[in-house]
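**Q** Have a look at the structure that comes next, please.
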Amino acid sequence: MRFSKTFIPTLKEIPSDASIPSHQLMLRAGLMRQLTAGVYAYLPLGYRAMLKAAQILREEMNAIGGQEFHFPALNPESLWIQTNRRHIPNLILSIKERDLVLAPTHEEVVGWIASMHIQSYKDLPQIWYQIQTKFRNEPRPRSGVLRGRQFIMKDSYSLDATWEGLDERYQMHAEAYRRVFTRCGLDFFVVGASSGAMGGSGSQEFMVDSENGEDTVARCKQCGYAANLEVATSGLKGIGRIGENKPVEEFSTPNVRTIDELAAFLKTSDERLAKSVVYRHGDTPVLILLAGNDQLNESKLTAALGEGPVRPMDAGDLRNLTGADGGSIGPVGLKGFRIVADKRLEGANGLISGANRNDRHLKNIDLTRDVRLDGYFDLRTVASGEPCPQCEAPLTVTNAIEIGHIFKLGTKYSEALGATFLDENGRTQPIIMGSYGIGIERIIACHIEQSHDEHGIIWNKALAPFAVHIIAASMNNKETVLTANQLYRAFSEAGIETLFDDRSSVTAGVKFKDADLLGMPFQIIVGERGLREKKVEMKRRATGERTQVPVDDVLMTLKSLLAEKPALS
RNA sequence: CGGGGCGUGGCGCAGUCCGGCUAGCGCGCUUGGUUCGGGACCAAGAGGCCGGGGGUUCGAAUCCCCCCGCCCCGACCA
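Sequential numbering from 4 applies to the first sequence in our numbering.
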């Protein structure tokens, strides 16, 4: 395309609303503009990049037998009431004038179609996918395109007759996703994840390391263990039992509120101090016991307690129910609470915990003797440096951006929607589903996060809006214009996507700056200087390396460079 | 939803505390000329309900009240 006829509004200065590199560059390079919080208009250059990602997705989805659909974004509200997802907090945006909602995902629609037309095990398995705009009632959009209220997603759904089939479809997706992200040139990794409100039996996330990510993951460099902090575990040992088992004894702890204060007061480590944290699970008060100063992990707590909302108990309720304040709560003699403990406390004795009287604690607590527990669960949050659960090497905890998520859903949605089939024995069974998503904008933004410098974007060949950027240094020089035009035509005829900066209104300097900002993999600079020797300059954006190439050889040279396959990771 | 910041030509900002001439600066834009390989120069221009509403005042971008929008931190995150 000719630059002079293409809408590429570049910005010299950094827009004040953008704080992370990908956001700044997507605006500066004219890929997109923000309409309102979390909603972006994609301009020609940005949309081209997104189409590149979408095409890769199509190819890889088709390769595993996926069939492309286009489901409606407008859904009847009733469909979401049927699956009990209408009122999940911060999920659905709705239409005021009708009982319609904007779909945040498409399990419901898939289930609806399947319920009508999948009748026999012979109709299964199926992989249905689409690339479509999703809407979400995001409370706080942020980081440019990384968390928006409207975004484009490749979502696919597998339908199976057996659990083994689901495993197979899930595995196929995992592999397809690896190929997709590899082809996109992303440096990514896979973590075990929580299935959260989606339900289901297993899930993994595809992650990109980034300080600007809002997910936190624990990883082991030695054995490759990786998990979202929501589910990550560590090899930290339980605190076990100690020899003497004295009777429980109350003692005074004036003004002690936190575990650290208690440890300081007692002049001991926090090892045998049991921290009590108080929550509500629906209407049920719950006391959670943790070893020392371990941090409660709410995702794990939610999973352990089962269906229903989980939230911290407010201070007033706590006082009414226990007669004490936060720092003095404990499990012994506590009435009306469900009590759960972290696994590190399994069978422990000799513990110190709150006495349910302000400024008083109890010592010599034996969980097996003194407390009516509802069980031990893994409830703590892993911290950096703790031993890996698989190999004991220290774990590192870092931020990451989620670019894909795969779920084994099971039968939750098919049951709610009546999506069943007849098995070989003529029995009605719910279809076993999986769902799999990849955010298109996130692919683009993550690539830019991973591939830019102080001058601009550095596109890889797979996602670049154009493979080549021809710069006519001067449009006043006949020879330059002629050669640049010839090359542009030759490249185009050879099927090489080319952006030709043919602007006569700006100086060469502006074109060079824009070319670096836009970041196409190869720049071909046509100018008087080189043409005296019948040469043009070829610059690799990634390395800055420049070479003089005879005009007659440029096409061939480019072709071979563009054919180079990136190393598969 | 809690905390913080911001809102002034297309973009980036100053002016707001302490009210006062015609609301400034840089970039961009238009026209003419000179330049022409790393964001050129000269000259002349265009472009503003100072986020919105209400109030105080002789007088409001500036003070007071209400509202809206955007960004950041937290809560939340299919």
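Cβ coordinates follow ideal geometry from the N, Cα and C atoms, glycine included.
Roughly how many whole angstroms lie between the Cα atoms of Asp345 and Arg244?
**A** Going by the C-alpha atoms only, they are around 15 angstroms apart.
**Q** Quick one: grab the DSSP three-state call for Trp576.
**A** An answer regarding residue 576 cannot be provided, because it is not within the stretch 4 to 572 covered by the chain.
**Q** Between Met53, Arg51 and Leu162, which lies nearest to Lys415 when the distance is taken from Cα to Cα?
**A** The shortest Cα separation from Lys415 among Met53, Arg51 and Leu162 belongs to Leu162.
**Q** Would you list the one or two residues that DSSP bridges to Asn258?
**A** Per DSSP, none; premise fails for Asn258.
**Q** From Thr39 to Leu105, what distance separates their C-alpha atoms?
**A** Approximately 17 angstroms, taken between the alpha carbons.
**Q** Which value, in whole angstroms, describes the spacing of the CA atoms of Gly246 and Arg430?
**A** Each residue's Cα considered, the two are about 58 angstroms apart.
**Q** Distance, Cα to Cα, Glu395 vs Tyr50?
**A** Computed Cα separation, rounded: 46 angstroms.
**Q** Could you check the C-alpha separation between Ala351 and Ala21 for me, to the nearest Å?
**A** Roughly 51 angstroms between the two C-alpha positions.
**Q** Starting from the C-beta of Met64, find all residues in its chain whose C-beta is less than 8 angstroms away, skip the five residues before and the five after it, and write them out in chain order.
**A** Once the five neighbours on either side are set aside, the close Cβ partners of Met64 are Glu71, Ile130, Tyr132, Lys157, Ser159 and Ala179.
**Q** What would DSSP say about Trp462, mapped onto helix, strand or coil?
**A** Coil, per DSSP.
**Q** Between Gly353, Ala318 and Asp218, which lies nearest to Asp273 when the distance is taken from Cα to Cα?
**A** For Asp273, the nearest C-alpha among the options comes from Gly353.
**Q** Does the Cβ of Gln174 have 16 or more other Cβ atoms within 10 Å, making it buried, or fewer, making it exposed?
**A** By the neighbour-count rule (16 or more Cβ atoms within 10 Å), Gln174 is not buried but exposed.
**Q** So what's Gln357 in DSSP terms, helix, strand or just coil?
**A** For the sequence presented, residue 357 should be read as Gly rather than Gln. In this structure, Gly357 counts as strand in the three-state DSSP scheme.
**Q** Let me confirm a value: Cys226 is counted as buried when at least 16 other C-beta atoms fall within 10 Å, else exposed. Which label applies?
**A** So Cys226 counts as exposed.
**Q** Of the residues Glu427, Arg363, Ser7 and Ala164, which one's Cα is nearest the Cα of Arg260?
**A** The residue with the shortest Cα to Cα distance from Arg260 is Arg363.
**Q** Does Gln453 pass the burial test, meaning 16 or more other C-beta atoms within 10 Å, or should it be called exposed?
**A** So Gln453 ends up on the buried side.
**Q** Would you kindly report the start and end of the unbroken beta strand (DSSP E) that includes Arg222?
**A** Start and end: Asp218 to Cys223.
**Q** With DSSP as the reference, label Met35 as helix, strand or coil.
**A** Three-state DSSP puts Met35 in a strand.
**Q** Please identify the residue among Ile460, Asp519 and Glu531 whose C-alpha is closest to the C-alpha of Val484.
**A** It is Glu531.
**Q** Does the distance from the C-beta atom of Pro524 to that of Ala470 stay below 8 angstroms?
**A** Their beta carbons are under 8 angstroms apart, which means Pro524 touches Ala470 by this criterion.
**Q** Measure the CB-CB distance between Ile291 and Leu382 and report whether it falls below 8 angstroms.
**A** Yes, Cβ-Cβ distance for Ile291 and Leu382 is below 8 angstroms.
**Q** So for Asn65, helix, strand or coil by DSSP?
**A** The answer is helix: DSSP assigns Asn65 an H, G or I state.
**Q** Does the distance from the C-beta atom of Phe6 to that of Asp505 stay below 8 angstroms?
**A** Yes, these two residues count as a Cβ contact at 8 angstroms.
**Q** On a CA-only basis, which of Asp212, Leu127 and Leu520 is nearest Ala169? Give me that one, please.
**A** Residue identity check: residue 169 is Leu in the sequence provided, not Ala. Measuring from the Cα of Leu169, the nearest candidate turns out to be Leu127.
**Q** Taking the straight line between their C-alpha atoms, what separation do you get for Asn402 and Ser197?
**A** Their Cα atoms are separated by approximately 16 angstroms.
**Q** Which residue or residues does DSSP assign as beta-bridge partners of Asn87?
**A** Asn87 pairs with nothing; no bridge assigned.
**Q** Phe410: buried (16+ other C-beta within 10 angstroms of its C-beta) or exposed?
**A** That one is buried.
**Q** With C-beta atoms as the reference, is Gly33 less than 8 angstroms away from Ile17?
**A** No; because the gap between Cβ atoms is not below 8 angstroms, this pair is not in contact.
**Q** For Val148, name the three-state secondary structure that DSSP assigns.
**A** Correct three-state label for Val148: helix.
**Q** So what does DSSP say about Lys157, is it helix, strand or coil?
**A** Of the three classes helix, strand and coil, the one that applies to Lys157 here is strand, per DSSP.
**Q** Using the C-alpha atoms, what's the distance from Gly413 back to Ala164?
**A** Going by the C-alpha atoms only, they are around 10 angstroms apart.
**Q** CB-CB under 8 angstroms to Leu571, same chain, minus the five flanking residues each way: which ones, in chain order?
**A** With a pLDDT of 48 at Leu571, under the threshold of 50, the modelled position of this residue cannot be trusted; read the value that follows with caution. Excluding sequence neighbours, Leu571 sits near Thr185.
**Q** How is Ala476 classed by DSSP in three states: helix, strand or coil?
**A** Ala476: coil per DSSP, three-state reduction.
**Q** DSSP on Val539, reduced to helix/strand/coil?
**A** In the structure shown, Val539 sits in a strand (DSSP, three-state: E or B).
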